[in-house]
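Those protein sequences? They're chains A and B, same order as listed.
FYI, the numbering for the first sequence is 1 to 214, going by the UniProt record's numbering.
FYI, the numbering for the second sequence is 1 to 240, going by the UniProt record's numbering.
Here's the structure, in structure tokens; my notes come after.
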Amino acid sequence: MIENIKGVSPYLIEGIQLTLLITIVGVLIGFVIGAFIGIGRLSKNKLIYSFSSIYVETIRGTPILVQIFFIYFGLSDLFGINFDKITASIIAIAINAGAYIAEIVRGGVQSIDKGQWEAGRSLGLTSSQTMRYIIWPQAFKRMIPPLGNQFIISLKDTSLFSAIAVNELLYQGKQFATTTFVYFEPYFMVGVFYLIITIPSMIVLRMVERRLDV
Amino acid sequence: MIHVKDLHKSFGTTEVLKGLTTEIKEKEVVCVIGPSGSGKSTFLRCLNLLEDITSGQVIMDGRDLTDPKTNINDVRTDVGMVFQHFNLFPHKTVLENITLAPIKVKGLSNQEAKDVAIPLLDKVGLSDKADVYPSSLSGGQKQRVAIARALAMNPKVMLFDEPTSALDPELVGEVLEVMKDLAKEGMTMVVVTHEMGFAREVGDRVFFIDEGIFMEEDTPENIFHNPQNPRTQEFLSKIL
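Following this line, the structure appears as structure tokens:
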């Protein structure tokens with residue numbers, strides 16, 4: 001047992017690094033997408049509103065596994081766009097998290113009292129200045145807890161990329177299992193490795209929440 | 001200073017303002033009174049286009065607000081507004097609340113904006129509160145900061161939307177004092193208010209509005225002691 005745990009650990013340490021890389025880069029890009037799409041969902045411009053809404057509903061309405069297959073195999077087949085596996089994974093997380101973050105952004109911005117807009121506008125600030133200096137800083141504070149949640153969800157979603165043989169945490173465990181015919185220890189340890197990341201993340205998040213008093 | 005011509009405002013199919021026409025002169029203090037739902041706040045909010053105007057015209061200091069070519073942000077820098085619920089920026093200190101617009105809109109440096117803000121804080125009696133956050137202020141203090149914030153843009157007109165309605169009774173006085181000083185200095189003011197004492201003492205004219213129409217506009221003297229319109233009489237008999 002201990003031996004098998006020792007045996008699988010180096011594989012998993014390698015895997016978790018890739019899992020973290022895909023998650024962190026993906027969620028960061030997803031945040032940029034989400035900020036624009038989320039604000040787009042509040043736009044009075046019908047084109048911007050429609051585009052943002054279609055984006056959010058399409059992504060939320062399809063499984064991430066379908067999305068990664070589409071990006072990795074589908075785009076390659078039809079357009080000859082060949083992403084390497086890691087890039088494809090980062091894109092999938094970014095696009096997927098982007099849709100959920102868009103909803104977080106929309107909710108955060110909408111939760112700010114209308115009077116804040118009016119105060120900004122009545123002072124002569126433009127609507128983008130009002131957003132940037134008055135609404136966004138307040139809304140962002142309220143977005144932190146759900147953004148933290150989304151980070152943890154996206155982290156776990158990366159395990160689906162084992163389906164396209166990305167060497168992330170689950171795939172590394174699976175590789176060990178199928179070559180050694182030992183199944184308990186690798187999958188048990190894969191779970192432990194996810195918890196090593198997720199539990200401290202939740203604790204940090206709780207601390208940040210308390211500090212910001214949201 | 002402000003010309004209002006046949007101003008109509010509808011929300012969906014509900015017509016709230018049904019053709020208002022008036023003129024407000026420079027340095028005049030106009031108090032707008034009327035029952036709730038009469039359209040008095042909507043009227044005020046049309047004067048800086050916080051509400052779009054359905055039809056009619058508002059000319060503010062020579063600029064037609066309904067002309068799409070008018071830069072509304074420019075107009076708003078000349079029109080200060082004070083809200084019932086203060087609407088201070090909770091994530092900024094008192095000083096930052098006041099300096100934000102001068103810095104971002106007028107392009108003042110931090111120091112220049114501070115030089116504008118400090119005397120204003122002094123004027124509203126809150127120079128010791130520059131570095132605190134709004135959450136630690138009382139309602140009366142918040143509203144005085146809000147007045148200082150509006151004044152920092154050096155407006156030609158100040159709009160007050162029920163500035164004392166959300167205040168505890170004992171805090172109303174301090175806000176009215178600041179407004180009185182402002183009136184004495186010759187600020188053009190339009191005040192939607194329930195403070196009849198203020199309207200009587202400070203107002204040059206009082207508009208009584210009901211069902212989206214100016215039922216009566218006259219000096220406070222005449223409105224309060226000799227109202228002509230039966231609706232005015234009825235309203236005043238209920239509140240005085």
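The beta-carbon is built from N, C-alpha and C at its ideal position, and this holds for glycine as well.
These numbers were taken from a predicted model, which means no experiment stands behind them.
Scan the segment 88-170 of chain A and note each continuous alpha helix (DSSP H) run of 4 residues or more that stays entirely inside, going in chain order.
114-122 and 136-157
Extent of the continuous alpha helix (DSSP H) to which B:Lys-104 belongs
94-104
Skipping 5 residues on each side, what residues in its chain have a beta carbon closer than 8 Å to that of B:Val-124?
Arg-144, Val-145, Ile-147, Ala-148 and Val-178
Quick check on this structure: which residue in B:Phe-214, B:Glu-234 and B:Met-187 has the alpha carbon closest to the alpha carbon of B:Ser-38?
B:Phe-214
For B:Val-94, count the other beta carbons within 10 Å of its own beta carbon; 16 or more makes it buried, fewer makes it exposed. Which is it?
Burial call: buried.
8 Å Cβ cutoff, residue 250 of chain A in contact with chain B:
Nothing can be reported for residue 250 of chain A: it is not among the residues displayed for chain A, which extend from 1 to 214.
Find the nearest neighbour of B:Phe-89 within the set A:Ala-139, A:Ser-89 and A:Lys-46, judged by alpha-carbon distance.
A:Ala-139
B:Gly-80 - partner residues in DSSP beta bridges
B:Met-158
Quick check on DSSP: helix, strand or coil for B:Ile-223?
The answer is helix: DSSP assigns B:Ile-223 an H, G or I state.
Taking the continuous beta strand (DSSP E) assigned at B:Phe-208, which residues delimit it?
205-210
Chain B residues whose Cβ lies nearer than 8 Å to that of A:Pro-137
His-91
Can you find a C-beta in chain B that's less than 8 Å from the C-beta of A:Ile-134?
yes
Which class does B:Gly-56 belong to by DSSP, given the choice of helix, strand or coil?
strand
Is there a Cβ of chain A sitting closer than 8 Å to that of B:Lys-104, yes or no?
yes
Closest Cβ-Cβ distance between A:Gln-129 and chain B: below 8 Å?
yes
How about A:Gly-115 and A:Thr-130: are their beta carbons less than 8 Å apart?
no
Anyone know if the C-beta pair for A:Leu-123 and B:Ala-101 falls short of 8 Å?
One thing to note: A:Leu-123 has its Cβ within 8 Å of the Cβ of B:Ala-101.
Pick out whichever of B:Glu-51, B:Lys-156, B:Ala-166 and B:Val-157 has its Cα sitting closest to the Cα of B:Lys-142.
B:Ala-166
Helix, strand or coil: which one does DSSP assign to B:Ser-10?
strand
Starting from B:Val-29, trace the beta strand (DSSP E) both ways and give me its first and last residue.
Note, B:Val-29: beta strand (DSSP E), 29-33.
Given that A:Ser-122 touches chain B, what residues does it touch there, using C-beta distances under 7 Å?
Residues of chain B passing the Cβ test: Asn-48, Leu-50, Arg-76 and Met-81.
Please name the residues in the segment 101-127 of chain B whose beta-carbon is closer than 7 Å to at least one beta-carbon of chain A, in chain order.
Going along the segment 101-127 of chain B in chain order, one finds Ala-101, Lys-104 and Val-105 with a Cβ nearer than 7 Å to chain A.
On the CB-based measure, 16 or more other CB atoms within 10 Å of its CB, does B:Met-81 come out buried or exposed?
Residue environment for B:Met-81: buried (at least 16 other C-beta atoms within 10 angstroms of its C-beta).
For A:Gln-116, which residues in chain B fall below 8 Å Cβ to Cβ?
Asn-87 and Phe-89
Does the distance from the C-beta atom of B:Val-192 to that of B:Val-75 stay below 8 Å?
no
Sorted by chain position, which residues of the same chain lie with C-beta nearer than 6 Å to B:Ile-59's C-beta, five sequence neighbours on each side aside?
Here the set comprises His-3.
Could you check the C-alpha separation between A:Val-32 and A:Ile-90 for me, to the nearest Å?
14 Å
Grouping DSSP H, G and I as helix and E and B as strand, with all else coil, what is A:Arg-211?
helix
Residues, ordered as in the chain, of the segment 29-56 of chain A that lie near chain B by beta-carbon distance below 9 Å
none
Presumed contact (8 Å Cβ cut-off) between A:Gly-34 and A:Ile-135, rounded CB distance:
Not a contact, Cβ separation roughly 16 Å.
Looking at chain A, is there any beta carbon in it that lies within less than 8 Å of the beta carbon of B:Asn-73?
yes
Give me the chain B residues within the contact set of A:Leu-125, using Cβ-Cβ distance strictly less than 7 Å, ordered along the chain.
Ala-101, Lys-104 and Val-105
So B:Met-153 contacts chain A; which residues on that side make the cut at Cβ distance below 9 Å?
Leu-123 and Gly-124
If the criterion is Cβ atoms closer than 8 Å, does the pair B:Phe-208 and B:Ile-223 meet it?
A contact, by the Cβ cut-off of 8 Å.
Can you list the alpha helix (DSSP H) stretches of 4 or more residues lying completely in the segment 105-170 of chain B, in chain order?
Fully enclosed alpha helix (DSSP H) runs of 4 or longer: 110-123 and 139-151.
Status (buried if at least 16 other CB within 10 Å, exposed otherwise) for A:Leu-160:
buried
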